[in-house]
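J.: Position 3 of the first sequence, counting from 1, maps to -10 under the numbering used here, and the rest follow consecutively. From the three backbone atoms N, C-alpha and C, an ideal C-beta is built for every residue, glycine too. Please read these numbers as outputs of a predicted model, since none were measured by experiment.
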Amino acid sequence: MPELPEVESARRLVERHLVGRCIVRVAVVDDRIVYAGVAPRRFARVLRGRRVEAVRRRGKHLWFELDRRPWPAFHFGMTGWFEVYRCPADRPPFWKVEFALDNDTRLAMPDARRLGRIRLLADPEHAPPISELGFDPLLDMPDAAAFAAGLAGRRAPIKAVLLDQGFSAGVGNWIADEVLYQARLAPRRRACDLTTAEAHRLRSTILRVIHKAVDLDADNSRFPRAWLFHHRWGRNSDAATARGEKIVHATIGGRTTAWVPAVQR
DNA sequence: CTCAGTGTTCAGTG
DNA sequence: TCACTGAACACTGA
-12 MPELPEVESA RRLVERHLVG RCIVRVAVVD DRIVYAGVAP RRFARVLRGR
38 RVEAVRRRGK HLWFELDRRP WPAFHFGMTG WFEVYRCPAD RPPFWKVEFA
88 LDNDTRLAMP DARRLGRIRL LADPEHAPPI SELGFDPLLD MPDAAAFAAG
138 LAGRRAPIKA VLLDQGFSAG VGNWIADEVL YQARLAPRRR ACDLTTAEAH
188 RLRSTILRVI HKAVDLDADN SRFPRAWLFH HRWGRNSDAA TARGEKIVHA
238 TIGGRTTAWV PAVQR
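1. With the cut-off set at 8 angstroms, would you say A99 and L108 are in Cβ contact?
2. Give me, in chain order, the residues of the same chain whose beta-carbon lies closer than 6 angstroms to that of A23; leave out the 5 immediate sequence neighbours on both sides.
3. Leaving out five residues on either side along the sequence, give the residues of the same chain with a beta carbon under 6 angstroms from the beta carbon of R142.
4. Start and end of the alpha helix (DSSP H) containing T228?
5. Based on DSSP bridge pairs, tell me the residues matched to T238.
6. Should N160 be labelled buried (16 or more other beta-carbon atoms within 10 Å of its own) or exposed?
7. With a threshold of 16 other CB atoms inside 10 Å of the CB of S155, please say whether the residue is buried or exposed.
8. If I measure Cβ to Cβ from P111 and keep anything under 7 angstroms in the same chain, skipping five residues before and after, which residues do I get?
9. Tell me where the alpha helix (DSSP H) around V158 begins and ends.
10. Can you give the beta carbon distance from L102 to T66, rounded, assuming they're within the 8 angstroms contact cut?
11. Short of 8 angstroms in beta carbon distance, which residues of its chain neighbour I20, apart from the five on each side in sequence? Order them along the chain.
12. Kindly give me the distance between the Cβ atoms of L189 and A170, rounded to whole angstroms, as I take these residues to be in contact under 8 angstroms.
13. Per the DSSP calculation, E40 is bridged to which residue(s)?
14. With DSSP run on the structure shown, which of helix, strand or coil describes R275?
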């Protein structure tokens, strides 16, 4: 599920259903991996009875503002997400936490692979890991000059830099590939070797792709057909874009990378 | 049975 | 110290 658009979609879901409501019960599972730095039982005890005042996001991290600190913070890893329902029987498999609200609504976070994290922090925005994030393209994208300056100090492949959450928070594997395809940049190019014009093109492409995905509520079935997204999955050798361009798969920045050599330079 | 995967962290290297 | 790379983490589904 979780890159910036999916997490923003989850944020809006929770905002619709939880803001202004009180948490009457918190159910937890005893999972010391997903719960990071807090015992699940304490997490439940501290949050019961609190009122939700706002839901915030930065990069792939999301947290609740409550009427009293500390506040819960969530990261979805690869397989986490939020589900809202009313009937207790609809509690999803692999759930890690379930909040019951004062209007019979329930919110659960399932995470099959357990790479997600649930924290309890006095000030999530100003504590690691959120405080160590770089810019968020939706919240505080730097201007063109500052963006180019950021790339100039990096010798790693541009793909690896985009994946670095300390550079661009919220960009994950498919967004990085999509943006490089649409900006016509080869993923192995060193970030510091991009020209000013290429850096500016990359910056505006990041904005365009992320805004579009968010506008579509991260529903990938509605992403434009011309996007690489629909054609990149599976490392099959006959993969091609909608325009018939050959897609190549490689490992760059430690992740599977799909790109189109005929278009990306 | 094997392996890849919409992610992050940390040890090791230069 | 910094930047970067690759393995580890943990588990499902193809």
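T.: According to the structure data:
1. Here residue 99 refers to the residue found at position 112 of the first sequence. Here residue 108 refers to the residue found at position 121 of the first sequence. Not closer than 8 angstroms, so no.
2. Here residue 23 is taken as the residue at index 36 of the first sequence, counted from 1. Contacts found: R104 and R106.
3. The residue you call residue 142 lines up with position 155 of the first sequence. Once the five neighbours on either side are set aside, the close Cβ partners of R142 are R177 and C179.
4. Looking up residue 228 in the first sequence gives position 241. Segment: none, T228 is in no alpha helix (DSSP H) and carries neither H nor E.
5. Against the first sequence, residue 238 aligns to sequence position 251. T243.
6. In the first sequence, the residue the question calls residue 160 occupies position 173. It counts as buried.
7. Position 168 of the first sequence, counted from the first residue, corresponds to residue 155. Result: buried.
8. Position 124 of the first sequence, counted from the start, is the residue given in the question as residue 111. Within the same chain, P111 has close Cβ partners W50, W58, A60 and I117.
9. Working through the first sequence from its first residue, we reach residue 158 at position 171. Here V158 belongs to no alpha helix (DSSP H), and DSSP marks it neither H nor E.
10. Numbered from its first residue, the first sequence carries residue 102 at position 115. Numbered from its first residue, the first sequence carries residue 66 at position 79. L102 to T66, Cβ: 7 angstroms. Contact.
11. Taking the first residue of the first sequence as position 1, residue 20 is located at position 33. Hits under 8 angstroms: R101.
12. Within the first sequence, residue 189 is the residue found at index 202, counting from 1. Within the first sequence, residue 170 is the residue found at index 183, counting from 1. Indeed they touch by this definition, with Cβ atoms about 5 angstroms apart.
13. Counting from one through the first sequence, the residue named residue 40 turns up at place 53. Beta-bridge pairing links E40 to no other residue.
14. Since the displayed the chain opens at -12 and closes at 252, residue 275 lies outside it and no answer follows.
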